[in-house]
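Here's the structure, in structure tokens; my notes come after.
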Amino acid sequence: MLSQSPLRCLSVAAASHFDYIILGAGSAGCVMANRLSEDPNVKVAVLEAGRWHRGSWDWWKAAMPAALTFNLANKKYNWDYHTVPQKHMNNRRLHQPRGKMTGGSSGINAMVYVRGHALDFERWASQEGCPGWSYRDVLPYFKKSTTHELGENFYRGGAGPIHVRRGATGNELFKAFVDAGVQAGYPYTEDMNGKQQEGFGPMDMTVSPVDSSETPFELSRFKVTSDGKRCHAGLAYLNEAAKRPNCSVITRAMVNRLVWERSPDGAEKRCIGVEYIDHVGEPRYIKAGREIIMAMGAVGTPQILNLSGVGDPDHLRSLSIDPVIANQNVGQNLQDHLEFYVQYLCSKPVSLFPVATWRYPHLKALTGIEWLLKGTGLAASNHFDTGGFIRTRAGIRHPDFQFHFIPGCVVGQLDFLPHHGYQAHGGTMRPKSRGAIKITSKDPRDEPLIDPNFLADVEDMRDMREGLRRTIEIMEQPALKDYYMESRLSPATDFNLDSDDDCDRWIKNSSHSAYHLSCTAAMGKVVDEHGRLYGASNVRVVDASAMPSMTSGNLNAPTLMMAEKFADHIRGRPYLDPAQSENDEALWWENPTWQTSQR
Numbered sequence: 026m027l028s029q030s031p032l033r034c035l036s037v038a039a040a041s042h043f044d045y046i047i048l049g050a051g052s053a054g055c056v057m058a059n060r061l062s063e064d065p066n067v068k069v070a071v072l073e074a075g076r077w078h079r080g081s082w083d084w085w086k087a088a089m090p091a092a093l094t095f096n097l098a099n100k101k102y103n104w105d106y107h108t109v110p111q112k113h114m115n116n117r118r119l120h121q122p123r124g125k126m127t128g129g130s131s132g133i134n135a136m137v138y139v140r141g142h143a144l145d146f147e148r149w150a151s152q153e154g155c156p157g158w159s160y161r162d163v164l165p166y167f168k169k170s171t172t173h174e175l176g177e178n179f180y181r182g183g184a185g186p187i188h189v190r191r192g193a194t195g196n197e198l199f200k201a202f203v204d205a206g207v208q209a210g211y212p213y214t215e216d217m218n219g220k221q222q223e224g225f226g227p228m229d230m231t232v233s234p235v236d237s238s239e240t241p242f243e244l245s246r247f248k249v250t251s252d253g254k255r256c257h258a259g260l261a262y263l264n265e266a267a268k269r270p271n272c273s274v275i276t277r278a279m280v281n282r283l284v285w286e287r288s289p290d291g292a293e294k295r296c297i298g299v300e301y302i303d304h305v306g307e308p309r310y311i312k313a314g315r316e317i318i319m320a321m322g323a324v325g326t327p328q329i330l331n332l333s334g335v336g337d338p339d340h341l342r343s344l345s346i347d348p349v350i351a352n353q354n355v356g357q358n359l360q361d362h363l364e365f366y367v368q369y370l371c372s373k374p375v376s377l378f379p380v381a382t383w384r385y386p387h388l389k390a391l392t393g394i395e396w397l398l399k400g401t402g403l404a405a406s407n408h409f410d411t412g413g414f415i416r417t418r419a420g421i422r423h424p425d426f427q428f429h430f431i432p433g434c435v436v437g438q439l440d441f442l443p444h445h446g447y448q449a450h451g452g453t454m455r456p457k458s459r460g461a462i463k464i465t466s467k468d469p470r471d472e473p474l475i476d477p478n479f480l481a482d483v484e485d486m487r488d489m490r491e492g493l494r495r496t497i498e499i500m501e502q503p504a505l506k507d508y509y510m511e512s513r514l515s516p517a518t519d520f521n522l523d524s525d526d527d528c529d530r531w532i533k534n535s536s537h538s539a540y541h542l543s544c545t546a547a548m549g550k551v552v553d554e555h556g557r558l559y560g561a562s563n564v565r566v567v568d569a570s571a572m573p574s575m576t577s578g579n580l581n582a583p584t585l586m587m588a589e590k591f592a593d594h595i596r597g598r599p600y601l602d603p604a605q606s607e608n609d610e611a612l613w614w615e616n617p618t619w620q621t622s623q624r
């Protein structure tokens, strides 16, 4: 059940006994709420620290694809974290926005839909202690979660809650970028989420496609279409679940800790309920019958496990927390993608500059109105229409470096340069550096320390350095020369690209997080391959923190897939049949010369 009144939600929750309590309404939590509440015989509660994703005057910030930067520094819908000073990046503190709303980070991210490479999941299954997570095992769940506008095929879903589409802005710079990649000697790929990730081509985004047959809904005196809007997990999964009488969504609820049943030392622990703090600061408690499902993300999940006595006993005792389950891996193994921006001023008036800045407010307003009434135009895209994946050197079996391209120049991650320009985001996909999440007090409102430990491994710097050189080589191919103003904005034209020291210095000073925190409650270390917490009988972790290692690309797609797969196990259903191609041909493409050639 759902109520817009927090007090009503709280009174219902306090008086009821739930079979499943889901902590966090991010991508994984929304999937869980939907799939578990499909069974009318169970009662499901969802606790979310943030607000409901609809019903507020600024609903459009989470709905308009082009408004993706609005919530990156908006504490109303964003935890707005920062890392500790990064000692290998001149002690810079990097921004780490995390969604604080129903839908979680899928409501504030860049909507880029990338599944990762098939060999990521082969690695999970064969090398990282996760049987049942091979590519053949997970592909059916990628398909189950999505509906692709191009229709269902062996790789694409056709009936899932998340809508996936291609960019449709038609900006000529997108094609020029793909052509530049091909001119540099890399392949073209029609579908990065299909058989061949490697190469340059169109990217997928989680945006609802335009359907001219749909009847717009009323908003005040205007008619507003639901097309062309961000398709986040709150919209795609939680809306439906919240309409069911067996699902309670409790927003503005800050989880404090899990409550454990008394048991003999050494026995498996059982969680009997959850303490949380409501929207006015009052402590509350709800009971769990079957399972507690943790879906608070790579920061929140290890934080609450620690606050509940699960973690390094010595660290917990230092904060006056009684250890319940000793596991020093909780909060460790933190991984994230690092990226830089290579930027150019544009000689032709074809970039996003007129509508992306406030220099021409009438154009910005007209763009917003078109989107509001029709679901079309520049506001209906995330403007990452094309991208690419390459291998930075010979001997790498599958791509280790990713590009996003945008027809504009971003300043400080949030604003646009008030001139025509374009840029490529580039970053290594499988860094070896490992960091940690560490709590500093017993209070859940105190932010934990976030330390991705960027560039701690020398191989990560090597890969970023080589990636920088490859990026500039691609960006200065003939296809983009027609737009080139004879000066590179960043790094500057006179930058010495041949100098390792100069490259390293620029990377340390200019790189940013790609906001892909993960792996802090990893399968094989903190939970088993079904997400079950080691040492507990009824607690699971189902979000990106359960990844044993990062996938090669953006993380929202694999997070949705994981939650779909975990949900089947929780419900006692058999897993979907593994994917099987005709004639048993390979499910993924590898460059036949990968051992001896970089491209």
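Numbering-wise, this note's numbering comes out as the position in the sequence shown, counting from 1, plus 25.
Just so it is clear, CB atoms sit at the ideal spot from N, CA and C, and this is done for glycine as well.
{"Asked": "What does DSSP give as the partner residues of Asn103 in its beta bridges?", "Found": "Gly124"}
{"Asked": "Nearest to Cys256 by CA position, among Thr127, Leu601 and Asp339, is which residue?", "Found": "Thr127"}
{"Asked": "For my contact list, Met489 and Val367 are in at a C-beta cut-off of 8 angstroms; report their separation, rounded to the angstrom.", "Found": "Not confirmed; about 12 angstroms, so no contact."}
{"Asked": "Rounded to a whole number of angstroms, what is the C-alpha to C-alpha distance between Gly89 and Leu505?", "Found": "According to the sequence displayed, residue 89 carries Met and not Gly. Approximately 29 angstroms, taken between the alpha carbons."}
{"Asked": "Go ahead and label Val551 buried or exposed: buried means 16 or more other beta carbons lie within 10 angstroms of its beta carbon, across all protein chains shown.", "Found": "buried"}
{"Asked": "The ligand NAP and Glu484: does any heavy atom of the ligand fall closer than 6 angstroms to the residue's C-beta?", "Found": "With respect to small molecules bound, the structure shown includes none, and the ligand NAP cannot be examined in it."}
{"Asked": "On the three-state DSSP scale, how would you describe Cys155?", "Found": "coil"}
{"Asked": "Are Pro573 and Met548 close, meaning C-beta to C-beta below 7 angstroms?", "Found": "yes"}
{"Asked": "If Gln121 and Ser538 are in contact, beta carbons under 8 angstroms, what's the gap, nearest whole angstrom?", "Found": "6 angstroms"}
{"Asked": "Whole angstroms is fine: what's the gap from Asn352's alpha carbon to Tyr559's?", "Found": "8 angstroms"}
{"Asked": "If you draw a straight line from the alpha carbon of Tyr138 to that of Pro289, how long is it in whole angstroms?", "Found": "46 angstroms"}
{"Asked": "Would you report the Cα separation of Glu364 and Ile421, rounded to the nearest angstrom?", "Found": "20 angstroms"}
{"Asked": "Counting pairs of Cβ atoms below 8 angstroms between the region 279-298 and the region 523-540, do you hit three or more?", "Found": "no"}
{"Asked": "Where does Trp82 fall in DSSP's three states?", "Found": "coil"}
{"Asked": "To the nearest angstrom, how far is it from the Cα of Ser233 to the Cα of Thr518?", "Found": "40 angstroms"}
{"Asked": "Could you tell me which whole beta strand (DSSP E) segments of length 3 or greater appear in the region 183-234?", "Found": "187-191 and 224-227"}
{"Asked": "Report the residue from Arg624, Gln357, Glu293 and Ile302 whose alpha carbon sits nearest the alpha carbon of Leu542.", "Found": "Gln357"}
{"Asked": "Note down, one range per segment and in chain order, each beta strand (DSSP E) of at least 3 residues found wholly within the region 335-420.", "Found": "357-359, 363-371 and 411-415"}
{"Asked": "Excluding the five sequence neighbours on either side, which residues of its own chain have a C-beta within less than 6 angstroms of the C-beta of Cys528, listed in chain order?", "Found": "Arg490 and Leu493"}
{"Asked": "For Lys467, which of Asp553, Phe409, Leu330 and Pro599 has the nearest alpha-carbon?", "Found": "Leu330"}
{"Asked": "Give me whichever residues DSSP pairs with Pro599 in a beta bridge.", "Found": "Pro599 pairs with nothing; no bridge assigned."}
{"Asked": "Hey, quick one: how far does the beta strand (DSSP E) through Cys296 stretch, first residue to last?", "Found": "Cys296 to Ile302"}
{"Asked": "Nearest to Leu263 by alpha carbon, out of Thr108, Gly51, Pro583 and Trp149?", "Found": "Gly51"}
{"Asked": "Can you name the residues that DSSP bridges to Leu73?", "Found": "Looking at the sequence provided, one finds Glu at residue 73 rather than Leu. Answer is Thr276."}
{"Asked": "What three-state label does DSSP hand Thr94 in the structure shown?", "Found": "coil"}
{"Asked": "Spatial neighbours of Val564 within its chain, please: C-beta separation below 6 angstroms, excluding the five flanking residues on both sides.", "Found": "Cys296, Ile317 and Leu558"}
{"Asked": "Checking the sheet assignment: what are the DSSP bridge partners for His450?", "Found": "Tyr366 and His429"}
{"Asked": "Output the distance between the C-alpha atoms of His405 and Ala91, rounded to the nearest integer angstrom.", "Found": "In the sequence as presented, His is not what sits at residue 405; that position holds Ala. Answer to the nearest angstrom: the Cα atoms are 6 angstroms apart."}
{"Asked": "In three-state DSSP terms, what is Asn581?", "Found": "helix"}
{"Asked": "Rounded to whole angstroms, how far is the Cβ of Glu147 from the Cβ of Ile415, which I believe are closer than 8 angstroms?", "Found": "Between Ile415 and Glu147 the Cβ distance is about 20 angstroms, and since that is not below 8 angstroms, they are no contact."}
{"Asked": "Taking only the alpha-carbon atoms, compute the straight-line gap between Asn681 and Ile133 and give it to the nearest angstrom.", "Found": "Residue coverage of the chain in this structure runs from 26 to 624, which leaves residue 681 outside it and unanswerable."}
{"Asked": "Based on the DSSP secondary-structure assignment, which residues constitute the bridge partners of Met319?", "Found": "Leu48 and Val566"}
{"Asked": "Leaving out five residues before and five after Thr465 in sequence, what residues of the same chain have Cβ atoms less than 7 angstroms from its Cβ?", "Found": "Asp471, Pro473 and Leu474"}
{"Asked": "Are the region 163-171 and the region 190-209 touching, with three or more C-beta to C-beta distances below 8 angstroms?", "Found": "no"}
{"Asked": "Quick one: what's got a C-beta closer than 7 angstroms to Leu119's C-beta in the same chain, skipping five residues either side?", "Found": "His107, Thr108, Gln111, His537 and Ser538"}
{"Asked": "Would DSSP call Gln111 helix, strand or coil?", "Found": "strand"}
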